[in-house]
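In what follows, a structure is listed as structure tokens, so that the remarks can point back to it.
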């Protein structure tokens with residue numbers, strides 16, 4: 001990894017730590033600098049504003065997810081759906097997993113005010129829906145599901161996002177939230 005890539009990675013990790021500790025409302029360049037092992041001036045060297053830094057942070061957070069979300073081309077359709085939904089909302093959510101999802105949720109709530117965030121979340125949801133749609137379509141072709149793949153994918157995405165909100169706000173736990181998704185998939189069966 002190049003020095004520039006290492007610096008970016010360190011900045012992203014510091015941003016995550018600061019966001020997890022202080023939430024979006026309490027997040028400042030200073031709170032990020034407090035978590036950063038290098039100088040605050042280096043943050044300003046790379047980013048003009050906190051919003052520029054957060055737009056890059058959101059890209060960093062979502063790129064890994066998008067890379068892992070691939071439609072099923074062969075193999076077990078049900079296992080692929082389960083794997084895809086696990087990436088979004090695992091049945092067992094550890095502290096780090098909860099912190100990551102809370103950070104993403106806080107940024108999603110800012111999307112109406114920041115076009116870069118809105119665009120990124122729209123692309124993320126579109127990728128997820130596309131993957132789910134392709135996988136459901138294959139399941140329909142194999143006689144596993146009886147659902148319109150596009151509508152089913154949209155319903156799964158919306159339900160997963162809603163249940164994720166309930167998990168990070170403490171209304172329910174991950175296992176119960178995931179059971180809702182599993183019940184929805186069961187309704188799609190032939």
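Residue numbers (full-length UniProt numbering): 1 to 190.
For each residue, glycine too, the CB sits at the ideal point set by N, CA and C.
- Counting the other Cβ atoms within 10 Å of the Cβ of residue 139 gives 16 or more, which makes it buried.
- If the five residues before and after residue 58 are omitted, its C-beta is found closer than 7 Å to the C-beta atoms of 107, 117 and 120, all from its own chain and listed in chain order.
- Taken in chain order, the complete alpha helix (DSSP H) segments of 4 residues or longer contained in the UniProt domain "HTH tetR-type" (5 to 65) are 29 to 35 and 40 to 46.
- Going by C-alpha positions, residue 147 is about 28 Å away from residue 173.
- By the beta-carbon neighbour count (other beta carbons within 10 angstroms, threshold 16), residue 158 is exposed.
- Of the candidates 100, 21 and 136, 100 places its Cα closest to the Cα of residue 165.
- It is roughly 21 Å from the alpha-carbon of residue 38 to the alpha-carbon of residue 61.
- Three or more beta-carbon pairs drawn from the region 119 to 138 and the region 148 to 156 are found closer than 8 Å, and the two stretches are therefore classed as touching.
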